[in-house]
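So the structure is just underneath, and the comments pick up after that.
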Amino acid sequence: GGPSFSVVPVRVNTLDGIRVYTVSCGAEHTAAITLRGELYLWGAGNQGQLGIGIGDKSLPILCGSVFPVRQVGCGLAHTVVLTDFVVASSGGEQYMGDLMVKDSQVFRHGRGRCYFLNGDKYTGEWMYDCQQGLGIFRRRIDDSKYVGEFLQGLWHGYGVLKTPMSVHSGLFVNGRKHGLGVYRDRSLENNGKIVKAVWENDLLVSNTDEIPTPAETSAGDIQIQQHRERLRLHQSALRDRYGFQNDRKLVSDIHLYL
Numbered sequence: 291g292g293p294s295f296s297v298v299p300v301r302v303n304t305l306d307g308i309r310v311y312t313v314s315c316g317a318e319h320t321a322a323i324t325l326r327g328e329l330y331l332w333g334a335g336n337q338g339q340l341g342i343g344i345g346d347k348s349l350p351i352l353c354g355s356v357f358p359v360r361q362v363g364c365g366l367a368h369t370v371v372l373t374d375f376v377v378a379s380s381g382g383e384q385y386m387g388d389l390m391v392k393d394s395q396v397f398r399h400g401r402g403r404c405y406f407l408n409g410d411k412y413t414g415e416w417m418y419d420c421q422q423g424l425g426i427f428r429r430r431i432d433d434s435k436y437v438g439e440f441l442q443g444l445w446h447g448y449g450v451l452k453t454p455m456s457v458h459s460g461l462f463v464n465g466r467k468h469g470l471g472v473y474r475d476r477s478l479e480n481n482g483k484i485v486k487a488v489w490e491n492d493l494l495v496s497n498t499d500e501i502p503t504p505a506e507t508s509a510g511d512i513q514i515q516q517h518r519e520r521l522r523l524h525q526s527a528l529r530d531r532y533g534f535q536n537d538r539k540l541v542s543d544i545h546l547y548l
């Protein structure tokens, strides 16, 4: 509650007149919840644990939340909060969705949306803190978007990867294009050229002027059809279960490639 460090409890004058009902202390930061459900944080913020990016605060700051905060827990370099709608902030990340507690640990598990510290965003299904199932991932650094299946946090299965210069729909393994896929070059010089080819670890096995063998095409088509059917079954769940209105357009993007 001040610019100096203390190894014993001291009065936090900034919170005078505010009715605080619970406090949580981390290694170098502190959180307090008021009877009105307001959350105050202060201390070290070098890992984003104050939920405001990177930076320390010597005095308590009021952290905005649409929903009243019910519980808070501070760790070594993270803060987790529980509200009526389950909104969590951990290491500067903002997560909204389902949680699961196992062996005294809290995991993102079920369905939810996460805003990462680097500006990336994921909306979809989770399992033990990993992106797993059907989801939509937006990467800020190159303005790309992946819509499809995930396994242990990686693109895995059937998906559509859109970048400002290209669109690839097909099979992915461990985060890379692998298997039969359809690639459309959106650059002006190629004028939307479409290539159907077999990929391995993000590299073309066949040249862009070659046609995959009948065996490769047949096997790949069967795999893609199986994954497409899974996506069809998941679409209504992604639209209805998450209830995020501004993601409806993203869900409709899947139809463009089915």
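One point on numbering: in this note's numbering, the residue at position 250 of the sequence shown is 540, and numbering is uninterrupted. Quick reminder that beta carbons are idealized off the backbone N, C-alpha and C, glycines included.
*Between the CA atoms of residue 333 and residue 299 - distance to the nearest angstrom*: 14 Å
*Could you tell me which residues DSSP pairs with residue 435 in its beta bridges?*
428, 452
_For residue 358, tell me which candidate among 427, 372, 367 has the shortest Cα-Cα distance._
372
_Coil, strand or helix - residue 331 by DSSP_ = strand
_Short of 7 Å in beta carbon distance, which residues of its chain neighbour residue 344, apart from the five on each side in sequence? Order them along the chain._
335, 336, 338
*Do you know offhand how far residue 235's Cα is from residue 405's?*
This structure cannot speak to residue 235, because the chain is shown only from 291 to 548.
*Taking only the alpha-carbon atoms, compute the straight-line gap between residue 328 and residue 306 and give it to the nearest angstrom.*
15 Å
*How should residue 296 be labelled, buried or exposed, when 16 other C-beta atoms within 10 angstroms of its C-beta is the threshold for buried?*
exposed
*Mind checking whether residue 456 and residue 475 have CB atoms under 7 Å apart?*
yes
*Specify the secondary structure class of residue 366 as computed by DSSP and reduced to three states.*
coil
_If distances are taken between C-alpha atoms only, which option among 407, 418, 310, 419 comes closest to residue 428?_
407
*Buried or exposed for residue 413, please, with buried defined as at least 16 other CB atoms from any protein chain shown within 10 angstroms of its CB.*
buried
*Start and end of the beta strand (DSSP E) containing residue 350?*
347 to 353
_Rounding to the nearest angstrom, what Cα-Cα distance links residue 484 and residue 490 in this structure?_
18 Å
*Measure how close the beta-carbons of residue 495 and residue 486 come, nearest whole angstrom, since I'm counting them as under 8 Å.*
With a Cβ gap of about 12 Å, residue 495 and residue 486 do not count as contacting.
*What residue from 452, 470, 386, 312 has the CA that sits closest to residue 415's CA?*
386
*Euclidean distance between Cα positions of residue 438 and residue 417*: 16 Å
*asked:* Quick check on residue 493: does DSSP put it in helix, strand or coil?
replied: strand
_C-alpha distance - residue 470 paired with residue 431, whole-angstrom precision_ = 27 Å
*Within the same chain, show all residues whose beta-carbon is closer than 7 Å to that of residue 425, passing over the 5 residues directly before and after it, in chain order.*
412, 413, 414, 415, 440
_Let me make sure I understand the geometry here. Which of 313, 318, 346 has the alpha-carbon closest to that of residue 324?_
313
*Which word fits residue 322, buried or exposed, when buried means at least 16 other C-beta atoms lie within 10 angstroms of its C-beta?*
buried
_Separation of residue 462 from residue 447, as counted between CA atoms_ = 5 Å
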